[in-house]
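Participant: Encoded as C-alpha cells, here's the structure I'll be asking about.
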Amino acid sequence: MRGVLGNDQVRDGTAVERVYACDSYSIERHEPECVVFPRNTYETQLAVQRCIEIDVPFTARGAGTGLSGGVTAVKGGVIVSTKRMNQILEVDPVNRCTLVQAGVVNQKVNNAVKPFGLMFAPDPSSQTVCTIGGNINENSGGPHTLKYGVTADHVLQATLVDSRAQVIVAGSRVSGGPGIDPLSLVVGSEGTLGIVTEAWLRLVPMPERIETALIAFSTIRSAVDAVVEVMARGVIPAALEMMDKHVLSAVEKAFGLDYPKGSEALLLIECDGRSQQAESEIRSAIEACLDCGATNVETAGNEEDRKRLWTARKKGIGAMGRLAPTIVTHDGVIPRSRLPEMLEFVYAIAEENSLGVANIFHAGDGNLHPCFYFDEREPGTVERVLAAGEAVLDKCVELGGSVTGEHGIGLEKIDSWSKSLSANDLRLQTTVREAFDVSGLCNPCKVIPNQKGCVEHRRRWSGAAT
Amino acid sequence: MRRVVGSGSKAAFCKHSNLEAHRPKNTSLHCAPRDQIVTAGAAVTIAEIQECLARCGQCLPIRLDLGQPLGGFPGTVGGLVATNMPHALSSQYGSPKEWVLHMEVLFQGEQAQSGAKVVKSVAGYDVHKLFVGSWGVLGPINTVTFRTYPLNVLSQGEAVTLRDLQGGEVWILRTLASELDQALNKAQGVYAFDRPSCTIWSEMRPEEPSEGWIIGPAGYRWSNRADKGMQIQIKRAFDPEGEWE
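Listed in order, the protein sequences are those of chains A and B. Residue numbering for the first sequence follows our numbering, beginning at 523 and increasing consecutively. Residue numbering for the second sequence follows our numbering, beginning at 827 and increasing consecutively.
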C-alpha cells in the first residue's frame, strides 16, 4: 500500500488498529491490517486495485458514526478512509446541486450552500461530523425526513470504485424519468457495492418560515394519539419528534432545563415553508394536540427559542450518559397507528430484562429509537440488552414494520433481518450483491452473508455474545 | 420474449411489437390512511386509487384534472411505477419512485418482495426501486405500496397548459434548469411546460439536451447518461434469459 499511495497515506500499528476496530456500534470489534487515506477517486482506485491483487478485503469508512457496525473490518484487511476526500468541488445554485467528495461533512455542505438560500435536507443527528459518503451508503435520515425525505431523495449522481477497481458513475443531474436507475441500489448499499468517492447532491430552497412548538402530555398514550391525529388532519410537519420522561430527566440533569412537571412525554413539532403555510400548519398541529389532551404548549418566538426547544431532542442521547455508563440505541420502524402498542411493549420488555429504557424518536415516521441504559460491568447485562433488542425488532416485524429505519443492517441486524425474508426475497437481494461485488472483497459479511466464512464468523460472534 | 402491458395509456410511447402480452390482473386495493400508506395491485387504475384515498382525505400527488400530459398519462398502478413518468407535481413531490415503499414483483418466475410497508426503512438493497422506471424490462410488478399525501396537495403546482392534445404525437423533455429557456425557445408545438421540474411536453421532437432525457413515440433516450453499463449489468442479472422486453 505504501508503494502505491506513499507513506503519508497509509497508517498501521496498534493505535490505528484499535481506533479503527469498530464504528459507533462498539459491541463487536475487528482490527484492520492498515488504514489508507486516498485523496480522490484515482487514488481510491489504486488502493482497491492493490487489495484485489493481494486478495485482501477492503472497507470504506467515513466518520465512523454508523450505529450498526457497517464499517467494521470483519475479515480484517484494509480500511479505506474518505477523510481526506473532503473538498466541495462545485456549487451550482442555478441547477440547485453541488458536487462534493465523499469525505465532506454533512454540515459543511450546508454551510457552503446557505449563502445561496439552499440546503441539503438530510440531517442525521450526527450531521456536524458524519460524512456525505456515509449518508449515501446508509441512506441516512434525520428529524426533517418526515417532510423532505431520506438521502435517496437528495442524491443525483454518485461516482464509485467498484469491487473490480473500476470507476463507475450512477445517476444523473437531471432527476426522475425513465430507465433502470442503478443509483437506487448504490444509496443505502452500506458500502457493499463499491466505494463512493464523489456525488452530485440535490439542494432545496431553505424555508421562508419555521414554526416550532414543544408540547407536553401527561400520558404516553395521549402523546402517541396526537402524533396520529396531527397527520390525520392533513399536516405533514417538517419534523414530529417524541421524547419520554426518562430523556427529559437526563436533559434536566445535564443542562439544567425545566420541563412541565408531570409530563410523561413531549412532542416537538416543526412546520416550515411559506409564512402563511407554516403558521396555519402549526396551528392545526397544536389544535390536534390539545384535542388529544396536551397539557402545555410552548412555541418559539425566535431562533434562540427554537434552539432551546430542540435541546432535548438534539442532546437527549448524549445527556443519557447521566443515567448509566452504557447506552445502546436501537432502531426499528412500525406503522404509525401501532405506536401505542409498540411503546407499551418496549417499556415491558425493558422491565422484564431489568434494564432502563428511554425513548427519543421520529414519531411522525413511526421510527423508534429505544435507548437501553445499563452498566455493562454487571455480569449478564449485555446478554439481557441483546435479548431485549432482539425482542423489540421481532415485534417491529410482527406489527408489519422494518428492523431498521435509519441505522442500516450492518453487522448488527443480519440475523434479525434475514428472518423476515422468504427464500425468494433473499435471492432478490443476493442477485444484487453478486452482480456488483464480483471479487467478494468489498465490505464482506455485511447486509447479507456473502461468503462461506461469514456464516462461521456469525456463529463465533453469536456464541461469544449470548 | 414477453412484454408487460397495462391499460395501454402510454402505448403511444412504445414501439409496435408482436410479442406475447403479459397483463397483470391484481386489482386488490387497501388504504391505510392512519399509517399514510396504500397498497394496490398492478391492475388498479390511478382513478380508483385516488378515489379510495380521497375518501380518507389523502391522495397520491398526481393531478388528474390537468389533462393527460400533466397527469403523467395515467393508466394503472403498474404502468405508473414501471414508467415513472413526469407530471405536474414532480418538482414538489418527486416522481413515483419517491413514493414507492414496497413492491412484490415476479422475479425469474417467482413472487419476491423488497422494501417495507412503512414510510421509512433502510433494510437491505432497494431492489424494488430498480423496477421503477424500468419500462417492464426486468419483469412484471404484482403489487405496490405507496406513501400517501394530504388531499390538499392536489391544488398545488405551477405547470402551464398551452393547448390540448388533438391526436398529435407527444414528446417529453426534461433538462437542467440552466438549459430550460433555450429548450423552451426551440420547442415546437408545446402542449405544456413545468418550469420548476424543467419539463416540456411538445408535439414535435425536441432538440436533444446536453444533459437530460426525451420520451417520444419510440420510447425514451437519455443524453450522456453515464450508467448505461450498470443498467445492462442489472438487466442481465435479473433477466438472464432475456424473457422480458
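For glycine and all other residues, C-beta sits at the position ideal for the given N, C-alpha and C.
So with CB distances below 7 Å, who are the chain A contacts of Lys955 (chain B)?
Facilitator: Stepping through the second sequence from its first residue, residue 955 (chain B) is reached at position 129. Per Cβ cutoff of 7 Å: Asp703, Ser706.
Participant: For Gly904 (chain B), I'd like the list of residues in its chain whose CB is within less than 6 Å of its CB, leaving aside the five on either flank, ordered along the chain.
Facilitator: By 1-based counting over the second sequence, the position of residue 904 (chain B) is 78. Closer than 6 Å at Cβ, skipping near neighbours: Gly832, Pro850, Ala868, Ile967.
Participant: Nearest-angstrom Cα distance between Glu720 (chain A) and Ala569 (chain A)?
Facilitator: The residue labelled residue 720 (chain A) in the question sits at position 198 within the first sequence. The residue labelled residue 569 (chain A) in the question sits at position 47 within the first sequence. Using only the alpha carbons, I get a separation of about 16 Å.
Participant: Could you tell me if Glu826 (chain A) is buried or exposed, where buried requires 16 or more neighbouring beta carbons within 10 angstroms of its beta carbon?
Facilitator: As a first step, residue 826 (chain A) is located in the first sequence; it is residue number 304 there, counting from the start. Label assigned to Glu826 (chain A): exposed.
Participant: Can you list the alpha helix (DSSP H) stretches of 4 or more residues lying completely in the region 864-933 of chain A, in chain order?
Facilitator: Runs found: 903-920.
Participant: Does the beta-carbon distance from Val856 (chain A) to Leu956 (chain B) come in below 8 Å?
Facilitator: Locating residue 856 (chain A) in the first sequence gives position 334, counting from the first residue. Locating residue 956 (chain B) in the second sequence gives position 130, counting from the first residue. In the sequence under discussion, the amino acid at residue 856 (chain A) is Ile, which differs from the Val named in the question. Contact: no.
Participant: Does Asn875 (chain A) pass the burial test, meaning 16 or more other C-beta atoms within 10 Å, or should it be called exposed?
Facilitator: Within the first sequence, residue 875 (chain A) is the residue found at index 353, counting from 1. Asn875 (chain A) is buried by the Cβ-count criterion.
Participant: Using 8 Å as the Cβ pair cut-off and three pairs as the minimum, do the region 738-755 of chain A and the region 697-716 of chain A touch?
Facilitator: Output reads no: the region 697-716 of chain A does not touch the region 738-755 of chain A.
Participant: Output needed for Ser859 (chain A): all residues of its chain with C-beta closer than 7 Å, excluding positions within five of it in sequence on either side, in chain order.
Facilitator: The sequence position of residue 859 (chain A) within the first sequence is 337, counting from 1. So the list reads Val750, once near-sequence residues are dropped.
Participant: Please list, in chain order, the chain B residues whose beta carbon lies closer than 7 Å to that of Gly927 (chain A).
Facilitator: As a working mapping, residue 927 (chain A) is identified with position 405 in the first sequence. What Gly927 (chain A) touches in chain B: Lys946, Ser947, Val948.
Participant: Closer than 8 Å by C-beta to Lys1061 (chain B): which residues in its own chain qualify, once you throw out the five before and the five after it? Chain order, please.
Facilitator: The count along the second sequence starts at 1 and reaches residue 1061 (chain B) at position 235. Closer than 8 Å at the Cβ level, and outside the excluded window around Lys1061 (chain B), lie Val963, Leu964.
Participant: Can you list, in chain order, the residues of its chain with a C-beta nearer than 8 Å to that of Glu1069 (chain B)? Leave out the 5 residues immediately preceding and following it.
Facilitator: The count along the second sequence starts at 1 and reaches residue 1069 (chain B) at position 243. Hits under 8 Å: Met827, Arg828, Gly965.
Participant: Identify whether Leu886 (chain B) lies in helix, strand or coil by the three-state DSSP scheme.
Facilitator: Counting from one through the second sequence, the residue named residue 886 (chain B) turns up at place 60. It is coil, neither helix nor strand.
Participant: Would you check if the region 878-889 of chain A and the region 933-947 of chain A touch, i.e. whether three or more CB-CB distances between them fall below 8 Å?
Facilitator: Flag = no, the region 933-947 of chain A and the region 878-889 of chain A do not touch.
Participant: Assuming contact is defined by CB atoms lying nearer than 8 Å, are Thr902 (chain B) and Met929 (chain B) in contact in what I supplied?
Facilitator: The residue given as residue 902 (chain B) occupies position 76 in the second sequence. The residue given as residue 929 (chain B) occupies position 103 in the second sequence. For Thr902 (chain B) and Met929 (chain B), no; Cβs fall outside 8 Å.
Participant: Between Asp545 (chain A) and Cys652 (chain A), what straight-line distance do the alpha-carbon atoms span, to the nearest angstrom?
Facilitator: To locate residue 545 (chain A), count along the first sequence from 1; it is residue 23. To locate residue 652 (chain A), count along the first sequence from 1; it is residue 130. Using only the alpha carbons, I get a separation of about 12 Å.
Participant: Should Lys636 (chain A) go down as buried or exposed, given a rule of 16 or more other Cβ atoms within 10 Å for buried?
Facilitator: The count along the first sequence starts at 1 and reaches residue 636 (chain A) at position 114. Lys636 (chain A) comes out exposed.
Participant: My output table needs one value for Phe1019 (chain B): the three-state DSSP class, helix, strand or coil.
Facilitator: Working through the second sequence from its first residue, we reach residue 1019 (chain B) at position 193. Strand at Phe1019 (chain B).
Participant: Kindly provide the ranges of any alpha helix (DSSP H) runs that are 4 or more residues long and lie completely inside the region 657-690 of chain A, ordered along the chain.
Facilitator: Runs of the alpha helix (DSSP H) inside the region 657-690 of chain A: 667-670.
Participant: Are the beta-carbon atoms of Ile931 (chain A) and Ser590 (chain A) separated by less than 8 Å?
Facilitator: Walking along the first sequence from the start, residue 931 (chain A) turns up at place 409. Walking along the first sequence from the start, residue 590 (chain A) turns up at place 68. Contact flag set, yes.
Participant: Identify whether Leu812 (chain A) lies in helix, strand or coil by the three-state DSSP scheme.
Facilitator: Locating residue 812 (chain A) in the first sequence gives position 290, where the first residue counts as 1. It is helical.
Participant: Report, in whole angstroms, the separation of the C-beta atoms of Arg989 (chain B) and Trp1039 (chain B), which I expect to be a contact under 8 Å.
Facilitator: For the purposes of this step, residue 989 (chain B) is taken as the residue at position 163 of the second sequence. For the purposes of this step, residue 1039 (chain B) is taken as the residue at position 213 of the second sequence. Contact flag wrong, Cβ pair sits at about 23 Å.
Participant: Beta-carbon within less than 6 Å of Arg1008 (chain A)'s beta-carbon, same chain only, minus the 5 sequence neighbours each way: which residues are those?
Facilitator: Residue 1008 (chain A) is absent from the model: chain A starts at 523 and stops at 988.
Participant: Let me know the secondary structure DSSP gives Ala503 (chain A) once reduced to three states.
Facilitator: Look at the range of chain A in this structure, 523 to 988, and you will see that residue 503 (chain A) is not part of it.
Participant: Nearest to Glu763 (chain A) by alpha carbon, out of A:Val773, A:Thr734, A:Glu539, A:Lys783?
Facilitator: In the first sequence, counting from the first residue as 1, residue 763 (chain A) sits at position 241. Measuring from the Cα of Glu763 (chain A), the nearest candidate turns out to be A:Thr734.
Participant: Give me the chain A residues within the contact set of Leu977 (chain B), using Cβ-Cβ distance strictly less than 8 Å, ordered along the chain.
Facilitator: Here residue 977 (chain B) is taken as the residue at index 151 of the second sequence, counted from 1. The answer, in chain order, is Gly756.
Participant: By how many angstroms is the C-alpha of Glu792 (chain A) removed from the C-alpha of Pro759 (chain A)?
Facilitator: In the first sequence, counting from the first residue as 1, residue 759 (chain A) sits at position 237. In the first sequence, counting from the first residue as 1, residue 792 (chain A) sits at position 270. Rounded to the nearest angstrom, the two C-alpha atoms are 6 Å apart.
Participant: For Gln623 (chain A) versus Met641 (chain A), is the C-beta spacing smaller than 8 Å?
Facilitator: As a first step, residue 623 (chain A) must be located in the first sequence, where it is residue number 101. As a first step, residue 641 (chain A) must be located in the first sequence, where it is residue number 119. It is not a contact, given that the beta carbons lie outside the stated cut-off.
Participant: Pull the bridge partners of Ala800 (chain A) from the DSSP assignment, please.
Facilitator: Here the question's residue 800 (chain A) lines up with position 278 in the first sequence. Answer is none; Ala800 (chain A) lacks a bridge partner.
Participant: Report back the beta-carbon spacing between Arg810 (chain A) and Arg755 (chain A) to the nearest angstrom; my notes put them in contact at under 8 Å.
Facilitator: Counting from 1 along the first sequence, the entry for residue 810 (chain A) is found at position 288. Counting from 1 along the first sequence, the entry for residue 755 (chain A) is found at position 233. Checking the displayed sequence, the identity of residue 810 (chain A) turns out to be Ala instead of Arg. Ala810 (chain A) to Arg755 (chain A), Cβ: 5 Å. Contact.
Participant: Report the CB separation of Thr974 (chain B) from Leu879 (chain B) in whole angstroms; it is logged as a contact under 8 Å.
Facilitator: Taking the first residue of the second sequence as 1, we reach residue 974 (chain B) at position 148. Taking the first residue of the second sequence as 1, we reach residue 879 (chain B) at position 53. Thr974 (chain B) to Leu879 (chain B), Cβ: 6 Å. Contact.
Participant: Rounded to whole angstroms, what is the Cα-Cα separation between Ser924 (chain A) and Thr987 (chain B)?
Facilitator: Position 402 of the first sequence, counted from the start, is the residue given in the question as residue 924 (chain A). Position 161 of the second sequence, counted from the start, is the residue given in the question as residue 987 (chain B). Distance between the alpha carbons of Ser924 (chain A) and Thr987 (chain B): 42 Å.
Participant: Considering only residues of the same chain and omitting the five flanking positions on each side of Pro665 (chain A), which have a CB-CB separation below 6 Å?
Facilitator: On the first sequence, position 143 is the one that residue 665 (chain A) refers to. Cβ neighbours of Pro665 (chain A) beyond the five flanking positions: Ala761, Glu763.
Participant: Looking at the C-beta of Tyr1017 (chain B), does it have a partner C-beta in chain A at a distance below 8 Å?
Facilitator: Counting from 1 along the second sequence, the entry for residue 1017 (chain B) is found at position 191. Taking Cβ atoms only, chain A never reaches closer than 8 Å to Tyr1017 (chain B), which makes this a no.
Participant: Quick check: the Cα distance between Glu660 (chain A) and Gln951 (chain A), rounded to an integer number of angstroms?
Facilitator: Translated into positions along the first sequence, residue 660 (chain A) becomes position 138. Translated into positions along the first sequence, residue 951 (chain A) becomes position 429. Cα to Cα, the separation comes out at about 16 Å.
Participant: So Gly923 (chain A) contacts chain B; which residues on that side make the cut at Cβ distance below 9 Å?
Facilitator: Along the first sequence, one-based indexing puts residue 923 (chain A) at 401. Neighbours of Gly923 (chain A) on chain B, chain order: Ala942, Lys943, Val944, Ser947.
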